[in-house]
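> Chains as they are written, first to last, in my numbering: chain A, 1 to 465; chain B, 1001 to 1189.
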Amino acid sequence: MNSLAQERKSAQFDVEAMKVVWEGSPEQVQLTQRIGQLVASDPVFRKDNRVSQGRLELFKNTLWKAAHAWSIIQSMHLTEAEALKLRSFIDEPAYTDLHWGMFIPAIKGQGTDEQQQKWLPLAFKQTIIGCYAQTELGHGSNVQGLETTATFDPSTDEFIVNTPTLTATKWWPGGLGKVSTHAIVYARLITDGKDYGVHAFIVQIRSLEDHHPLPGVIVADIGVKFGNGGYNTMDNGLLRFDSVRIPRDNLLMRVASVTRDGKYVPSGVPRQLGYGAMVFVRKSIVMDASTYLSRAVTIAVRYSAVRRQFGTEQGKPETQVIDYMTQQSRLFPLLATAYAYRFLGVWMSWLYSDVTSRLERGDFSTLPEVHACTSGLKSITTSTTADGIEECRKLCGGHGYLCASGLPELYAAYVPACTYEGDNVILLLQVARFLMKTLSLLGSGKKPSGTAAYLGNAADLLAKN
Amino acid sequence: CPVTKERDWINLDTLQHAFEARSARLSVKCATQIAAASNQEAGFSEFSSELVDASRAHCELIVVTRFMEALKKEIPGRGVREQLQILCNIYALSLVTARAGDFLVTGYLSSEQLDLAKGQLRSLFRELRPNAVALVDSFNHSDYYLGSTLGRFDGNVYENLYNDALKDPMNASPVTEGYEEYIRPVLKR
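1) Hey, is the stretch 1137 to 1156 of chain B in contact with the stretch 32 to 51 of chain A, meaning 3+ C-beta pairs nearer than 8 Å?
2) Compare the C-beta of proline 43/A against all C-beta atoms of chain B and say whether one is closer than 8 Å.
3) Quick check: what's the CA-CA separation for threonine 337/A versus tyrosine 1091/B?
4) Once DSSP output is grouped into helix, strand and coil, what is the label at threonine 191/A?
5) Chain B beta carbons: is any one of them nearer than 8 Å to that of tryptophan 64/A?
6) According to the neighbour-count rule (16 or more other Cβ atoms, all chains shown, within 10 Å of its Cβ), is glycine 315/A buried or exposed?
7) Starting from proline 121/A, follow the beta strand (DSSP E) in both directions and report where the run begins and ends.
8) In whole angstroms, what separates the C-alpha of valine 321/A from that of glutamine 309/A?
9) Do proline 93/A and threonine 291/A have their beta-carbon atoms positioned less than 8 Å apart in this structure?
10) Kindly identify the DSSP beta-bridge partner or partners of tryptophan 171/A.
11) For leucine 1161/B and aspartate 1154/B, I'd like the C-alpha separation in whole angstroms.
12) Compute the beta-carbon to beta-carbon distance between aspartate 210/A and lysine 178/A, rounded to the nearest angstrom, for a pair I have assumed lies under 8 Å.
13) Would you identify the three-state DSSP class for glycine 1119/B, choosing helix, strand or coil?
14) Give the interface partners of histidine 212/A over in chain B, defined as CB-CB distance under 8 Å, in chain order.
15) Determine the DSSP secondary structure at glycine 24/A, reduced to helix, strand or coil.
16) Under 8 Å, do isoleucine 205/A and alanine 183/A count as touching if we go by C-beta distance?
17) Starting from arginine 245/A, trace the beta strand (DSSP E) both ways and give me its first and last residue.
18) Answer yes or no: does any C-beta atom of chain B fall closer than 8 Å to that of arginine 55/A?
19) According to a CB-to-CB cut-off of less than 7 Å, which residues of the stretch 1047 to 1061 of chain B neighbour chain A?
20) With the cut-off set at 8 Å, would you say threonine 32/A and lysine 65/A are in Cβ contact?
21) Short of 6 Å in beta carbon distance, which residues of its chain neighbour tyrosine 352/A, apart from the five on each side in sequence? Order them along the chain.
22) Counting only Cβ pairs nearer than 8 Å, list the residues of chain A close to glutamine 1083/B.
23) Quick check on tyrosine 1158/B: buried or exposed, where buried means 16 or more other Cβ atoms within 10 Å of its Cβ?
24) Determine the direct distance from the alpha carbon of serine 1148/B to that of glycine 467/A, and round the result to whole angstroms.
25) For valine 224/A, which residues of its own chain have a beta-carbon under 7 Å away from its beta-carbon, when the five flanking residues on both sides are left out?
26) Closest Cβ-Cβ distance between isoleucine 1090/B and chain A: below 8 Å?
27) Would you please verify whether the beta carbon of threonine 1149/B is less than 8 Å from any beta carbon of chain A?
28) Could you check what DSSP says for phenylalanine 1019/B in three-state terms: helix, strand or coil?
29) Straight-line CA distance for serine 383/A to threonine 151/A?
30) Going by DSSP, which residues form a beta bridge with serine 257/A?
31) Can you give me the Cβ contacts of serine 3/A inside the same chain, cut-off strictly under 6 Å, excluding the 5 residues immediately before and after it?
32) Under the three-state reduction of DSSP, which class applies to threonine 298/A: helix, strand or coil?
33) Looking only at DSSP bridge pairs, what is phenylalanine 201/A linked to?
34) Give the single residue among Ile1075/B, Phe1103/B, Ser1110/B, Lys1118/B whose Cα lies nearest to the Cα of asparagine 1089/B.
35) Which first and last residues belong to the beta strand (DSSP E) in which asparagine 1089/B is found?
36) In chain A, which residues lie with their C-beta within 7 Å of the C-beta of valine 1133/B?
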């Protein structure tokens, strides 16, 4: 009997029941096994040769997989949940992540009912492929600093989208460089000579006939990224506009609209409405953190049980490295963290539902707290997971450095999470502003709620010193 | 902190209180420092590192409490709750020891109590050890999804590392490309 079979005999709990806890329900366990098998048995989805492929070959291969997946989804009439599972098991960052994960949610969150009726059917059928172009070459976390402009021209009933400076070049959006036909572009809305700040616009960037960039649009890939595989399977893009005209109703108008004569009209819906979509995205990021960390921990735990080093007694095998306290003290907290993040993700799913239902009732009271806590949770989970994957690599000794360990590629694919949605340290400073504001309001008798409720008890927590 | 012996550390109320106290104390300390600065923005900038620590403490408290909340629900299956309880304690106590500076500097813990936390953590590791492989099996990751020779379900690591190495394109021929141009001339010299 080999080491792992021996290990499994010593388990003191029902593994199948624990799988249900991890997945959330028996149906989810079954779904994972069914779709996992479907992907693993399809030669198109082969990935063991990925690390030896050059960038172009890698990218083209991912396009092939995405197209093949789409054909399976359609021919087998997969449900949304099944399709999502299928895409995640293919296990390669692709334009589809942004199309389904950012483009569509942005339209749902920021478009009016009419706009959703116009754009969502096109997006669902992938008649158009979209991405999310917010970040600029010189502007990352600070959205207020974006420079791209969308100036309304009442004479033609159009916005003129323009890139006024080099630093205003859109930079990093996934799927933008070579695949997307449309982008949600964040730009400063200017009408009647007044700047109303950053708003979201749907801008077509490529022809639906021949896929060439439209006149006035400069779009390209930003180049090779960190590691073998990783985000190199995807076309992160750059984008510039030279006075590109778009129809007035391409402004996503749930929060504010511009009338035919150029008048800016807030809809009365708070701008924080966009936070609902952010909670959705961050919930997904936390769930991803638990998944990625669990993959690294699985590799490190199993190999630590197989690997033997030192500690021999005469005639006996060497000691399993998992029995060393130094190994346990680095590995077991990461194992516990993977489970902790899974429960956190489940809670964030509830939080998203709660926020969404409140928004529908016009209740925006919990948004600041939810916005702060989810940005902070995104920050700590992604940082810990990236560090945890690297720790797992080291826990596998020299073999962890081999791509055959799966860990280098896992790290390369995961580590960008530390800087998307805002740099992790900057996100923590946003949380800090919320905490300081909450404390400053205590004197006025305002009771903190939600995850900050304990601060209402600050005097007690301090007094016990 | 009421801890006087190692086992006191695996009380969920004790752990939650410790995390709440750490977070509240770090936040209040920052607020006090900022209030004493010449203006609020300057203070925020000056103490940004401390603010990051306070925010991290707040977020880690949320994760710990969500894990604890999950344990309050019905969890079917032989031994499942017990394993999750161990994992929750490990998660929380490993943070207590990793962030010892926060707990010590705010005066919530003594160094003796920190030693007790480390001792309890070692005990928890020993409890977890027989279940470690089964706990990662519970993630339900297939060999295809893991894409790792080291993490194979069957544990046949070394045979596969060896055989796969021989199949690598670098080993397609016994004599490497480039030998005639770049190795042979060197050897001849």
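No residue lacks a Cβ here, since even glycine has one placed at the ideal position from N, Cα and C.
Walking through what the data contain:
1) yes
2) Here residue 43/A corresponds to residue number 43 of the first sequence, with the count starting at 1. No, proline 43/A lies away from the interface with chain B (no Cβ there is under 8 Å from its Cβ).
3) In the first sequence, counting from the first residue as 1, residue 337/A sits at position 337. In the second sequence, counting from the first residue as 1, residue 1091/B sits at position 91. If you take the alpha carbons of threonine 337/A and tyrosine 1091/B, they lie about 6 Å apart.
4) Position 191 of the first sequence, counted from the first residue, corresponds to residue 191/A. In this structure, threonine 191/A counts as strand in the three-state DSSP scheme.
5) Sequence index remark: in the first sequence, residue 64/A carries index 64 (1-based). Judged by the 8 Å Cβ criterion, tryptophan 64/A is not in contact with chain B.
6) Mapped onto the first sequence, residue 315/A falls at position 315. Of the residues assessed, glycine 315/A falls on the exposed side of the cut-off, its CB having fewer than 16 other CB atoms within 10 angstroms.
7) Numbered from 1 along the first sequence, position 121 holds the residue referred to as residue 121/A. Element bounds for proline 121/A: not the beta strand (DSSP E) but the alpha helix (DSSP H), 113 to 124.
8) On the first sequence, residue 321/A is found 321 positions in, with the first residue counted as 1. On the first sequence, residue 309/A is found 309 positions in, with the first residue counted as 1. Going from the Cα of valine 321/A to the Cα of glutamine 309/A covers about 6 Å.
9) Taking the first sequence and counting its residues from 1, the one referred to as residue 291/A is at position 291. Taking the first sequence and counting its residues from 1, the one referred to as residue 93/A is at position 93. Taking 8 Å as the Cβ cut-off, threonine 291/A and proline 93/A do not qualify as a contacting pair.
10) Taking the first sequence and counting its residues from 1, one reaches residue 171/A at position 171. Leu238/A, per the DSSP bridge assignment.
11) Translated into positions along the second sequence, residue 1161/B becomes position 161. Translated into positions along the second sequence, residue 1154/B becomes position 154. Roughly 13 Å separates the two Cα atoms.
12) Numbered from 1 along the first sequence, position 210 holds the residue referred to as residue 210/A. Numbered from 1 along the first sequence, position 178 holds the residue referred to as residue 178/A. That pair is no contact at about 14 Å.
13) Within the second sequence, the letter at position 119 stands for residue 1119/B. In this structure, DSSP gives glycine 1119/B a helical state, which the three-state scheme calls helix.
14) As a position in the first sequence, residue 212/A is number 212, starting the count at 1. Residues of chain B passing the Cβ test: none, with the nearest at roughly 36 Å.
15) In the first sequence, residue 24/A corresponds to position 24, counting from 1. In the three-state DSSP reduction, glycine 24/A falls in the coil class, being neither helix nor strand.
16) Locating residue 205/A in the first sequence gives position 205, counting from the first residue. Locating residue 183/A in the first sequence gives position 183, counting from the first residue. Yes, the pair counts as a contact, with Cβ atoms nearer than the cut-off.
17) On the first sequence, residue 245/A is found 245 positions in, with the first residue counted as 1. Segment 244 to 247, the beta strand (DSSP E) holding arginine 245/A.
18) Residue numbering aside, residue 55/A sits at position 55 when the first sequence is read from its first letter. With 8 Å as the cut-off, arginine 55/A does not count as an interface residue toward chain B.
19) Within the stretch 1047 to 1061 of chain B, the residues whose Cβ lies closer than 7 Å to any Cβ of chain A are, in chain order, Ser1048, Leu1051, Val1052, Ala1054, Ser1055, Arg1056, His1058, Cys1059, Glu1060.
20) Your numbering for residue 32/A matches position 32 in the first sequence. Your numbering for residue 65/A matches position 65 in the first sequence. Not in contact: threonine 32/A and lysine 65/A (Cβ atoms no closer than 8 Å).
21) The count along the first sequence starts at 1 and reaches residue 352/A at position 352. Answer for tyrosine 352/A: Val279, Phe280, Lys283, listed in chain order.
22) As a working note, residue 1083/B is residue 83 in the second sequence. Those are Gln12, Phe13, Met18, listed as they occur along chain A.
23) Indexing the second sequence from 1 puts residue 1158/B at position 158. Per the 10 Å Cβ criterion, exposed.
24) In the structure as shown, chain A starts at 1 and stops at 465, and residue 467/A therefore has no counterpart that could be examined.
25) One-based indexing of the first sequence puts residue 224/A at position 224. Excluding residues up to 5 positions away in sequence, Arg55, Asn232 lie with their Cβ nearer than 7 Å to the Cβ of valine 224/A in the same chain.
26) What you label residue 1090/B is simply residue 90 of the second sequence in a count that begins at 1. Interface residue, yes.
27) Here residue 1149/B refers to the residue found at position 149 of the second sequence. So yes, threonine 1149/B belongs to the interface.
28) Along the second sequence, read from residue 1 onward, the residue named residue 1019/B stands at position 19. In this structure, phenylalanine 1019/B counts as helix in the three-state DSSP scheme.
29) Position 383 of the first sequence, counted from the first residue, corresponds to residue 383/A. Position 151 of the first sequence, counted from the first residue, corresponds to residue 151/A. Taking the straight line from one Cα to the other gives about 39 Å.
30) In the first sequence, counting from the first residue as 1, residue 257/A sits at position 257. As DSSP reads the structure, serine 257/A sits in a beta bridge with Val265/A.
31) As a position in the first sequence, residue 3/A is number 3, starting the count at 1. Contacts found: Ala305, Val306.
32) Within the first sequence, numbered from 1, the residue matching residue 298/A stands at position 298. It is helical.
33) Residue numbering aside, residue 201/A sits at position 201 when the first sequence is read from its first letter. Per DSSP, Val185/A, Leu251/A.
34) The residue you call residue 1089/B lines up with position 89 of the second sequence. Checking every option, the nearest Cα to that of asparagine 1089/B belongs to Lys1118/B.
35) Translated into the one-based positions of the second sequence, residue 1089/B becomes position 89. Per DSSP, asparagine 1089/B belongs to no beta strand (DSSP E); it is in the alpha helix (DSSP H), 1080 to 1098.
36) For the purposes of this step, residue 1133/B is taken as residue 133 along the second sequence, with counting starting at 1. Those are Leu4, Glu7, Arg8, Val301, Arg302, Ala305, listed as they occur along chain A.
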